[in-house]
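Colleague: Got a structure for you, questions after.
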Amino acid sequence: MATVELTTANFDEVAGSDGIVLVDFWAEWCGPCKRFAPVYERSSEKHPDIVFGKVDTEAQQELGAKFDIRSIPTIMAIRDGVIVFAQPGALPESALENLIEQVQALDMDDVRQKLAGHQH
C-alpha cells in the first residue's frame, strides 16, 4: 500500500481508526525529508496492514501547529487512536522497522491505563 496524504479534512478520521497509523510530517524544501521518503515508501510496501500517512507541513500548517511540529521530518506512531510515539529526525530503515515492531507489540489496554493515570 502506498502512502496516504493526510490533511485537516481526513487526519482525525484516519488517525482515530483501529490499528496502526504512522505519520511522516515533511516539506518539499526539506533535504532529510526527501532522503527519508523512499525508506518510508519501502516500509509501506512491507506492511500493508499499517496506514502510512504523510503530512505536508507547508500545505497543512494547521496540523503542524496542532501537534507542535518544530522539526521535520517528524515521525509519529498512532495505535488505536492513541499517539504512542513522536520524534523528529529521519530514521534509518532498520530503526523504522524496529519502531513498527515495538508499536505492534504494545499492550494497548496497559497504555490506556497508564494514560488514564496521567489525566488526573
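Numbering (our numbering), first residue to last: 2 to 121. Glycine included, each C-beta is placed from N, C-alpha and C at the ideal position. Model, not experiment: these values are computed from the prediction.
1. Under the three-state reduction of DSSP, which class applies to Gly118: helix, strand or coil?
2. Rank Trp27, Ile21, Asn11 by C-alpha distance to the C-alpha of Phe53 and give the top, closest one.
3. According to DSSP, what are the bridge partners of Val5?
4. I want to know whether the region 23-35 touches the region 60-77 - three or more CB-CB distances under 8 Å.
5. Is Ser18 closer than 8 Å to Leu127 when the C-beta atoms are compared?
6. Give me the Cβ distance between Glu6 and Ala28, rounded to the nearest whole Å; I'm assuming they're in contact under 8 Å.
Modeller: For this structure:
1. In the sequence shown, counting from the first residue as 1, residue 118 sits at position 117. Here Gly118 sits in helix by DSSP.
2. The residue you call residue 53 lines up with position 52 of the sequence shown. When each option's Cα is compared against that of Phe53, the closest is Ile21.
3. If you number the sequence shown from 1, residue 5 lands on position 4. In DSSP, Val5 forms a bridge with Gly54.
4. yes
5. The structure shown does not extend to residue 127, since the chain is modelled only from 2 to 121, so the question has no answer here.
6. As a first step, residue 6 must be located in the sequence shown, where it is residue number 5. As a first step, residue 28 must be located in the sequence shown, where it is residue number 27. Incorrect: roughly 13 Å between the Cβ atoms, too far for contact.
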